[in-house]
Structures are given as structure tokens and as C-alpha cells.
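Working notes for the structure below.
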Amino acid sequence: MSSRLPVIEHTSRPWRIHTIAPDYRVEDVWSLPTPGGADDFPRLVEQFTAGPGNPIVRALLAIRLRLGAPLGLNPPAAGARAPWRGEPIPGDLRGRPGPDFGPFACLYRTDTEWAAHATTSGVDAIAHLGWVADGSGVYRGRWATLVKPHGLLGRAYMAGIAPIRHQVVYPLMIRSIARGWRPARSADLSGSTG
46 MSSRLPVIEH TSRPWRIHTI APDYRVEDVW SLPTPGGADD FPRLVEQFTA
96 GPGNPIVRAL LAIRLRLGAP LGLNPPAAGA RAPWRGEPIP GDLRGRPGPD
146 FGPFACLYRT DTEWAAHATT SGVDAIAHLG WVADGSGVYR GRWATLVKPH
196 GLLGRAYMAG IAPIRHQVVY PLMIRSIARG WRPARSADLS GSTG
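Position one of the sequence shown corresponds to residue 46 (my numbering), numbered consecutively onward.
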């Protein structure tokens with residue numbers, strides 16, 4: 046189905062995010078169970094940005110927002126654009142907007158990449174989706190989380206949420222993506238399981 050990948054699976058690819066956020070640390074990289082064709086990436090972005098379909102994930106996110114409010118760890122409300130504090134977005138990407146993802150404001154979308162960021166007092170974070178050919182003509186999604194913690198509070202926050210993120214939130218989100226995924230050329234991809 047899906048699996049957590051080594052960081053090098055993200056850093057070794059020529060993603061545009063590397064030049065825009067060079068001082069962000071790659072926290073997680075996941076393979077998504079989304080076999081598809083070269084043109085299926087927009088559907089993955091649309092499905093991903095529709096939000097968590099799993100009620101457990103929605104409940105955990107609500108709890109996290111409730112606990113984060115008194116500490117100032119919440120990002121701006123959805124629709125409020127947090128200022129981008131990385132390198133300037135290149136001109137050719139500024140005209141390539143994509144959908145936001147909750148409090149994550151889209152930085153850019155290309156034919157194979159989508160990136161969005163959220164900012165809190167504890168951490169700046171980027172959600173990055175990529176579309177990767179596997180060598181057999183099938184493409185699959187990759188999801189990476191990049192972070193720039195602010196001081197001790199940011200580092201403690203990232204360490205504190207890691208077990209819940211890795212063992213509950215991300216696996217449930219990925220299962221939800223898998224359940225909703227239907228490749229446009231399913232006849233061409235029969236037998237592909239992710």
C-alpha cells in the first residue's frame with residue numbers, strides 16, 4: 046500500500062521546492078498508493094487538498110487546534126494567507142497557483158509538484174506532493190513534510206507530535222487517499238497496487 050521512505054527519496058529529486066526552501070528540514074517522506082498515468086497528478090492534488098476524510102484524523106486535528114491555541118501554536122485560519130518567509134517564489138511558479146490545504150497556503154503547482162506552507166510561532170511547515178514515474182510507465186504520489194522549527198518550543202512540538210503523526214494521522218490519511226483513488230486509466234494499470 047504505502048510506506049515511509051528514506052529522506053533521500055525526496056532530496057535526490059530535482060524538485061523546485063529545494064531552491065525555494067533550502068533551510069527547511071525534510072521531516073517525512075511517504076509513498077502514496079496512487080498508481081496512475083502521467084496526467085493524473087491534478088486529481089491527486091485535488092483529493093489531497095479536499096482534507097482528511099477520516100473522522101479520527103479530523104478529531105485529532107480538532108484536539109490539536111484546541112491545545113495549540115493557548116500556546117500560540119496554531120496557524121492562521123483557513124483562507125488567511127500566512128506570509129511566506131522562504132526564498133522568493135520564482136516568477137514562472139507565481140503564475141501557477143493551486144488549491145490550499147486547510148491552513149496550508151499553496152506556494153505553487155506544476156505538472157509534477159504541489160507545495161503549500163503554514164506558519165505558527167513554533168514551526169514553519171511545508172506539505173509537498175510529487176508525481177514520480179516508477180520505471181514501468183506508472184506514476185505514484187510522494188508526500189513529504191518539510192519543517193523549520195523555531196527554537197526550543199518548535200523542536201519540542203515536532204518531537205511531541207511525531208509518534209501520533211507517524212503511527213495514527215499519516216497512516217489514516219494515506220488509507221483514506223487509497224480508498225478514494227481511482228486511476229483514470231484503470232484498465233492500463235490493472236494489477237498495480239501501490
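Built from N, CA and C at the ideal position, the CB exists for glycine as well.
Cβ pair residue i, residue j closer than 9 Å
| i | j | result |
| --- | --- | --- |
| L191 | Y69 | yes |
| A160 | I62 | yes |
| Y30 | W75 | The chain is shown from 46 up to 239; residue 30 falls before or after that span and cannot be answered. |
| L77 | I222 | yes |
| R49 | D84 | no |
Nearest neighbour of residue i, chosen from the options [CA to CA]
| i | options | result |
| --- | --- | --- |
| G225 | A95, S76, T164, L50 | A95 |
| R130 | P100, T164, G82 | T164 |
| A66 | R88, H162, S166, P80 | H162 |
| P144 | V90, E158, G136 | V90 |
| P87 | R220, G182, R154 | R154 |
| F93 | V183, F146, H195 | F146 |
| G167 | H195, V183, L152, G182 | H195 |
| L138 | W60, L217, V71, V183 | W60 |
| G180 | H55, I53, P80 | P80 |
| L217 | S57, H55, G82, P100 | P100 |
Anticipated Cβ contact below 8 Å, residue i with residue j, distance rounded
| i | j | result |
| --- | --- | --- |
| D169 | K193 | 4 Å |
| T64 | E158 | Rounded, the Cβ-Cβ distance is 12 Å, inconsistent with contact. |
Exercise. Within the chosen definition, does the stretch 176-183 reach the stretch 195-213 through at least 3 CB pairs nearer than 8 Å?
Worked result: no
Exercise. Are there three or more Cβ pairs, one per stretch, closer than 8 Å when the stretch 179-188 is compared with the stretch 198-207?
Worked result: no
Problem set entry | Within the stretch 53-88, ranges of the beta strand (DSSP E) (whole runs, at least 3 residues) | 70-76
Problem set entry | Contiguous alpha helix (DSSP H) assignments of at least 4 residues, all confined to the stretch 120-178 | 136-139
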